[in-house]
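A.B. asks: Structure provided below as structure tokens; questions to follow.
Residue numbers (my numbering): 27 to 367.
Shown next, in the form of structure tokens:
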């Protein structure tokens, strides 16, 4: 009996301490999640070399630890946290749904271009709001004689609160499923209509339509001027280079050539040590941008043997000598730079 009392005497202050530690870490995590949603995902890693994911992990670890220690207890209830969690989770669900539908109805990346907000990043504020909701909701004692009406009412209240949490999580999952399914269905219907209207079209033209003419024509151009055993420096990943800057995507079109991602204002690597012999010259595939990027790459000078590129009309130009970024500012061109060896 004394041991049980001592255990309870230890568990109570430990649980309260963990609860307030949870609130502290949760506040930091929530601010970080909102910052990444507004600026761009990965902003802390890029500028401070700090990843947000370990912070999120600590939040959910403290949540589990708190629920284990606080099982069937009353003294750590927080009506304020529960109410605040309800409000934030509701706003997060509405925001995620609203902005995701706007992306579907208008065009991809519209929300960021207009509101400077990443809708997909709102899933983290939603998850953190749900965590706060779980910590704050009122626990009830489940182990009780079912014959007592008061206990039955307590159990009813418990599941009433639990149902709200389940409802929020369920809605979030439904939204994610709806957004992903709608996007895939929209793409499928668009491709299907195109094939029905153009039954005799070649496979090359179908692929050109699928991946957009801008990107398809560009990779055909790259393959023409870059030998198969070459290594290429490509733009950083993100709009306006969602395809040419994504090596996992572009490699299927330039294989067996290899690619390495550069930075916007500097190569980010040593050409010689990495065996890089070519650099892509790309205005971009989209009108919209993200992560603070702007059109036109590379935004740094490259010691070159020659530069070959084409403009919007399809005219091809060749320039001998080094690539100077100042000569290509605000010019909508796509091409290849041969690095001087």
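We treat Cβ as the ideally placed atom computed from N, Cα and C, and that holds for glycine.
Among 272, 330, 121 and 54, which has the Cα closest to the Cα of residue 345?
C.D. replies: Minimum Cα distance to residue 345 is reached at 330.
A.B. asks: Indicate whether residue 50 and residue 92 have their beta-carbon atoms separated by less than 7 angstroms.
C.D. replies: No, the Cβ-Cβ distance between residue 50 and residue 92 is not below 7 angstroms.
A.B. asks: With 16 as the cutoff for other CB atoms within 10 Å, does residue 158 come out buried or exposed?
C.D. replies: Buried, because 16 or more other Cβ atoms sit within 10 Å of the Cβ of residue 158.
A.B. asks: When DSSP builds the beta bridges, which residues end up paired with residue 328?
C.D. replies: DSSP output for residue 328 lists 349 as bridge partner(s).
A.B. asks: Beta carbon of residue 154, beta carbon of residue 63: below 7 angstroms?
C.D. replies: Not a contact, by the Cβ cut-off of 7 angstroms.
A.B. asks: I need the straight-line Cα distance from residue 78 to residue 318, nearest angstrom please.
C.D. replies: If you take the alpha carbons of residue 78 and residue 318, they lie about 19 angstroms apart.
A.B. asks: With a CB to CB cut of under 6 angstroms and the five nearest residues on each side skipped, what residues in its chain are close to residue 251?
C.D. replies: Once the five neighbours on either side are set aside, the close Cβ partners of residue 251 are 334 and 362.
A.B. asks: Just mark residue 150 as buried or exposed, buried being the case when its beta carbon has 16 or more other beta carbons within 10 Å.
C.D. replies: Buried.
A.B. asks: For residue 262 versus residue 287, is the C-beta spacing smaller than 7 angstroms?
C.D. replies: Contact flag set, yes.
A.B. asks: Taking the alpha-carbon positions, what's the residue 121 to residue 69 distance?
C.D. replies: Whole-angstrom Cα-Cα distance: 21 angstroms.
A.B. asks: Going along the chain, which residues of its own chain have a beta-carbon closer than 6 angstroms to the beta-carbon of residue 84, five neighbours each way excluded?
C.D. replies: So the list reads 51, once near-sequence residues are dropped.
A.B. asks: Buried or exposed, going by whether 16 or more other CB atoms sit within 10 Å of the CB of residue 367?
C.D. replies: Classification of residue 367: exposed, given that the 10 Å Cβ count is below 16.
A.B. asks: Which word fits residue 292, buried or exposed, when buried means at least 16 other C-beta atoms lie within 10 angstroms of its C-beta?
C.D. replies: Its Cβ having fewer than 16 others within 10 Å, residue 292 is exposed.
A.B. asks: Rounded to whole angstroms, what's the CA-CA distance from residue 278 to residue 38? Just pull it up for me.
C.D. replies: Cα-Cα distance, rounded: 58 angstroms.
A.B. asks: Could you pull the DSSP bridge partners for residue 361 from this structure?
C.D. replies: Paired residues: 307 and 335.
A.B. asks: Confirm, please, whether the CB-CB distance from residue 41 to residue 95 is below 7 angstroms.
C.D. replies: Their beta carbons are under 7 angstroms apart, which means residue 95 touches residue 41 by this criterion.
A.B. asks: Taking just the CA atoms, how far does residue 81 sit from residue 65?
C.D. replies: Distance between the alpha carbons of residue 65 and residue 81 is about 18 angstroms.
A.B. asks: What is the DSSP secondary structure of residue 286, counted as helix, strand or coil?
C.D. replies: Reduced to three states, the DSSP call for residue 286 is strand.
A.B. asks: Less than 7 angstroms between the beta carbons of residue 88 and residue 160, yes or no?
C.D. replies: No, the pair does not count as a contact, with Cβ atoms beyond the cut-off.
A.B. asks: Would you identify the three-state DSSP class for residue 42, choosing helix, strand or coil?
C.D. replies: Helix, per DSSP.
A.B. asks: Which two residues bound the contiguous alpha helix (DSSP H) that contains residue 88?
C.D. replies: First-last of the alpha helix (DSSP H) with residue 88: 79-95.
A.B. asks: On the DSSP bridge list, what partners appear for residue 367?
C.D. replies: Residue 367 pairs with nothing; no bridge assigned.
A.B. asks: Grouping DSSP H, G and I as helix and E and B as strand, with all else coil, what is residue 294?
C.D. replies: Coil, per DSSP.
A.B. asks: For the beta strand (DSSP E) that residue 259 lies in, which residues bound it at each end?
C.D. replies: Taken as a continuous stretch (DSSP letters only), the beta strand (DSSP E) holding residue 259 covers 257-260.
A.B. asks: Under three-state DSSP, which class holds residue 227?
C.D. replies: In this structure, residue 227 counts as coil in the three-state DSSP scheme.
A.B. asks: Can you tell me whether DSSP reads residue 238 as helix, strand or coil?
C.D. replies: DSSP places residue 238 in coil when its eight states are reduced to three.
A.B. asks: Can you name, in chain order, every residue of its own chain whose Cβ lies under 8 angstroms from the Cβ of residue 254, other than the five neighbours on each side?
C.D. replies: Counting only Cβ-Cβ distances below 8 angstroms, and skipping sequence neighbours, we find 282 and 283.
A.B. asks: Going by DSSP, what residue range makes up the alpha helix (DSSP H) through residue 276?
C.D. replies: Note, residue 276: alpha helix (DSSP H), 273-280.
A.B. asks: Can you tell me which of 239, 76, 127 and 143 puts its alpha carbon nearest to the alpha carbon of residue 360?
C.D. replies: When each option's Cα is compared against that of residue 360, the closest is 239.
A.B. asks: Just list the residues that DSSP pairs residue 60 with in beta bridges.
C.D. replies: Note: residue 60 sits in no beta bridge, so no partner.
A.B. asks: What distance in whole Å lies between the Cβ atoms of residue 152 and residue 115, which are believed to be in contact at a cut-off of 8 angstroms?
C.D. replies: That belief holds up - the Cβ atoms of residue 115 and residue 152 are roughly 6 angstroms apart, short of 8 angstroms.
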